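Student:
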Amino acid sequence: MKKVTFFVFTSLLIFVLLLLNTFAQDSSQWNLPNGAITRLGKGRIIDITYSPEGTHFAVVSTVGIWLYNAHTYTETALLTGHIWDPSAVTFSPDGKTLAIANANEILLWDAKTGQQRTVLSGHTGSVKTIRFISDGSKLVSASSDRTVRMWNLLTGLHNFSAVKLPKYADVVFSQDGKTLAISHRNIRKIELWETDTGQFLRSFTVAESVDALAFSPDGKTLASSGGWPDYLIELQDTQAGESLTSLIGHTRRVNAIAFSPDGKRLMSGSDDGTLRVWDMETGKNRRTLHGHLGMIGGVAFSPDGRTLASGSSPHIIQLWNMDTGQLHAKFEADAFSVWGLT
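Mapping of the sequence shown onto the working numbering: position 256 corresponds to residue 343, and the numbering continues sequentially without gaps.
What follows is the structure in C-alpha cells.
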C-alpha cells in the first residue's frame, strides 16, 4: 500500500512540475489581444523604450528592468539590485548605454551585457527627466531638488546650476539638451532655462493650464496644449520670446502633441476623440483624423515621419498613413488607457 501511495504521489508531483513548466513557457502567449505578438515584463510596467538602432528595448517595471531582443522578443538581461522608482529611461545615441533615472540617482547600464557601469550621484531629490546630448559623452538631468546637472560620462564629473523647479511641474528638454522648459500649471506660465549655466532665459504666459509640452526638432518653437476653456495649442518663439499663434479646433482637452521629425507639422490628440494635423508654416488645420472612440492620450511619429501612432481609451492603438490620412492598422492594448507611445 505504501508503495502505491508513494507512486501516486510521485506521479502527481511530476505532473504538477510539468504543468508549471508548460505554464511558464506558454503564459506569454495566452489570451493575447488581437494583433499582439507576445506578453513581456513582470510586475507593474512603468515604461518601455527602444534603443536608437532598434535591435533591443527595455521594459521598466517595479520588479526590475528587462532588456529584450527586438527581433526574437527573447530576454537578454535583467537589471536588478535596486529598489526601483524610475521616472525616466533613455538610450545613448549609439544604443550601447541605457540611462535610468531612479529616485535621486541616474544608473548607467551596458545595454549589451546587462551589467551596471556606474551610478551618477549628486541629486538630492527625484530626477524628473534626463537626456543624452552631443555624441553621448554627456547627459543632462533635472530634479525636484531644483537643480539641473550636466554629467561628463567620460570623467564622471558634473556641474550643476540652480533652477526654480516646482515639485509638480512638467519639464522637457530640447533635443540638443541646451534648454529646459518648465510649465507652472496653477499660474499658467512656462519658463525657459539654459541648462549649461542655469540662467533663466524667459517666460511665457499662456491662456490655459498646460497638459503637454513639446519642442520642435530645431528647438526654436515650443508648443503647449491646454484644457478649459478654449482647448488651445499655443506656439511660442523660444528665441525672440514672443507668442507666435494659437491653434484652435479641438472641443475638449488636448492631452498629447508631437512635432514631425522635419518640424513642418504638429500632431495633436484630444479628449474629443480626434487627431489634428497642423501646418507649422500657416498654423492651419490640414487634416482631422477620426476613428478613436475615447480620449486620445498619446501620439508619436515614426522616424521618417510617414506613420503616426495614436493611443486612446479604451484599449486602442492606431497607425495612420500621414501621406493619405488613412488608418492602416489597429491594435488592442492590455492597458485600458494609452498615455505614451514611441
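The beta-carbon is built from N, C-alpha and C at its ideal position, and this holds for glycine as well.
Values in this document were obtained by computation on a predicted structure and should not be read as measured data.
#1: Given that a residue counts as buried once 16 or more other Cβ atoms are within 10 Å of its Cβ, and exposed if not, what is residue 202?
#2: Do residue 214 and residue 228 have their C-beta atoms within less than 8 Å of each other?
#3: How big is the Cα-Cα spacing for residue 371 and residue 365?
#4: Just verifying my parser: in three-state terms, what is the DSSP assignment at residue 405?
#5: Starting from residue 137 and walking both ways along the beta strand (DSSP E), at which residues does that stretch end?
#6: To the nearest whole angstrom, what separates the beta carbons of residue 267 and residue 282, a pair I think is in contact under 8 Å?
#7: Given this structure, state the Cα-to-Cα distance separating residue 420 from residue 189, to the nearest angstrom.
#8: Candidates 381, 186, 349 and 369: which alpha carbon is nearest residue 357's?
#9: Using DSSP with H/G/I as helix, E/B as strand and the rest coil, what is residue 323?
#10: Does the distance from the CB of residue 354 to the CB of residue 395 come in under 8 Å?
#11: Would you list the one or two residues that DSSP bridges to residue 383?
#12: Does the separation of the CB atoms of residue 262 and residue 291 fall below 8 Å?
#13: For residue 275 and residue 260, what's the separation of their Cα atoms in angstroms?
#14: Do you know offhand how far residue 401's Cα is from residue 121's?
#15: Looking only at its own chain, which residues have a Cβ that is under 8 Å from the Cβ of residue 153, when we skip the five neighbours before and after it?
Tutor: Reading it off the structure:
#1: exposed
#2: yes
#3: Distance between residue 371 and residue 365, taken at the CA atoms: about 6 Å.
#4: Strand, per DSSP.
#5: Counting along the chain, the beta strand (DSSP E) containing residue 137 begins and ends at 132-137.
#6: 5 Å
#7: 27 Å
#8: Answer by Cα proximity: 381.
#9: strand
#10: yes
#11: 399
#12: Contact flag unset, no.
#13: Rounded to whole angstroms, the gap between the alpha carbons of residue 275 and residue 260 is 19 Å.
#14: 14 Å
#15: 127, 128, 129, 145, 146, 162, 164, 165 and 166
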